[in-house]
Ligand code: DDH
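Structural data, given as structure tokens:
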């Protein structure tokens, strides 16, 4: 047990659980990043519903959303950290998990503040279907991410998270990794989007994705239809090209936009204290 509010101690313990030789590519990192993103990405700016406050994935309505299949692995990885630092809210732990994982995998430092609540406000619950569907195109990407309050540049920067991890046919129906080293954060995803030849492939389960067919590449890599859409849309493509040639700029922009992602729906006063979290009912005392 650490002192209440000692996020440094929590960060250290999250970093320690990154190495998972029995799991996927040997790291808990990618699935932790996806947990942080799915906790936050249900936000709707217009109705001020969804977002990381409330840690709604603990309950069937949100946790059982097919879009969240597989994220129980991330929650299980983090459980010992919650047991040790019981004062931290799940909403803080799940967002911080992604931030620490990105850093541990060689990515940028991302500003993060605590104070989210675990109190579930029923009027803020997001309906299912708010997260993006990989089978769609650029109109869908804009519909989903504009709703959260992001622009085209931010959509492309955020998509660079697909440098990490893989698709699992038993979770999403898609299969495979985007890059050769999926536990190392870089801009390789953007470089491969532009440099490899991608062709459509129908998997045995009927799901269509893109795979590379270059003879000289090391392994079969994949892209979702939504990833390929970033190269086909003129506005998105400009940013793909920039991030493919300028890794520093990608790291800088990714840091800003991921930080904005995990703050969606969180309101703070000038001292950084969250003003829309009911901490009496679900905050530090939960
Ligand atoms: Fe993603 N993502 N994502 N993604 N994502 C999947 C895996 C991972 C889409 C679909 C999928 C973001 C955006 C999009 C990560 C991070 C982020 C999988 C595979 C699908 C499908 C799941 C599975 O089978 O296990 C789509 C569509 C979009 C979009 O439209 C833009 C964003 C914004 C992020 C982010 O973190 C900022 C990560 C990491 C993974 C790898 C997870 C793992 O277990 O490995």
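Numbering (this note's numbering), first residue to last: 180 to 465.
Where a beta carbon is used, it is the ideal one built from N, C-alpha and C, also for glycine.
Closest by C-alpha distance to residue i, when choosing among the options
i: residue 365; options: 390, 379, 209 and 202; result: 209
i: residue 422; options: 302, 367, 288 and 267; result: 367
i: residue 229; options: 377, 417 and 307; result: 307
i: residue 359; options: 348, 372, 350 and 352; result: 372
i: residue 343; options: 401, 294 and 391; result: 401
i: residue 317; options: 332, 303 and 304; result: 332
i: residue 374; options: 407, 363, 345 and 330; result: 407
i: residue 345; options: 193, 184 and 213; result: 213
i: residue 246; options: 269, 398, 430 and 350; result: 350
i: residue 252; options: 206, 448 and 442; result: 206
i: residue 384; options: 376, 354, 442 and 455; result: 354
i: residue 290; options: 432, 192 and 381; result: 432
i: residue 233; options: 417, 391, 419 and 294; result: 294
i: residue 376; options: 399, 382 and 356; result: 399
i: residue 231; options: 454, 190, 315 and 442; result: 442
i: residue 194; options: 310, 328, 281 and 418; result: 281
i: residue 315; options: 239, 405 and 211; result: 405
i: residue 274; options: 190, 430, 448 and 319; result: 190
i: residue 403; options: 271, 197, 254 and 352; result: 352
i: residue 284; options: 254, 380, 258 and 196; result: 196
i: residue 327; options: 236, 440 and 386; result: 440
i: residue 330; options: 192, 224 and 312; result: 224
Classification of residue i by the beta-carbon crowding that lies within 10 angstroms, buried from 16 upward
i: residue 341; result: buried
i: residue 180; result: exposed
i: residue 452; result: exposed
i: residue 444; result: buried
i: residue 264; result: buried
i: residue 388; result: buried
i: residue 362; result: buried
i: residue 241; result: buried
i: residue 226; result: exposed
i: residue 305; result: buried
i: residue 378; result: exposed
i: residue 303; result: buried
i: residue 239; result: exposed
i: residue 279; result: buried
i: residue 260; result: buried
i: residue 450; result: exposed
i: residue 392; result: exposed
i: residue 271; result: buried
i: residue 255; result: exposed
i: residue 446; result: exposed
Which of helix, strand or coil DSSP assigns to residue i
i: residue 452; result: coil
i: residue 206; result: strand
i: residue 492; result: The question about residue 492 has no answer here: the residues shown for the chain are numbered 180 through 465.
i: residue 382; result: coil
i: residue 405; result: helix
i: residue 391; result: strand
i: residue 216; result: helix
i: residue 446; result: coil
i: residue 266; result: coil
i: residue 355; result: strand
i: residue 370; result: helix
i: residue 187; result: helix
i: residue 363; result: coil
i: residue 223; result: strand
i: residue 417; result: helix
i: residue 296; result: coil
i: residue 424; result: helix
i: residue 291; result: coil
i: residue 237; result: helix
i: residue 350; result: coil
i: residue 307; result: coil
Distance cut-off 7 Å: residue i Cβ against heavy atoms of the ligand ZN
i: residue 438; result: Absent from the structure shown: the ligand ZN. Ligands present: the ligand DDH.
Minimum Cβ-Cβ distance from residue i to chain C less than 8 Å
i: residue 400; result: Of the chains in the structure shown, none is chain C; there is only one protein chain.
| Below 8 Å, can you find three or more Cβ-Cβ pairs linking the region 209 to 217 to the region 410 to 428? | Of all C-beta pairs linking the region 209 to 217 to the region 410 to 428, fewer than three are shorter than 8 Å, placing the two stretches out of contact.
| field | the region 431 to 449 in contact with the region 327 to 339 per 3-pair CB rule at 8 Å | value | Between the region 431 to 449 and the region 327 to 339, the count of C-beta pairs closer than 8 Å reaches three or more; the two stretches touch.
| message | Under 8 Å: do the region 322 to 331 and the region 289 to 304 share three or more Cβ pairs, one atom per stretch? | response | The region 322 to 331 is not in contact with the region 289 to 304.
| query | With a cut-off of 8 Å, do at least 3 Cβ pairs link the region 195 to 214 to the region 408 to 420? | reply | Touching, no, given that fewer than three Cβ pairs across the two stretches are closer than 8 Å.
| Inter-stretch contact at 8 Å, needing at least 3 Cβ pairs: the region 234 to 246 / the region 183 to 191 | Touching, no.
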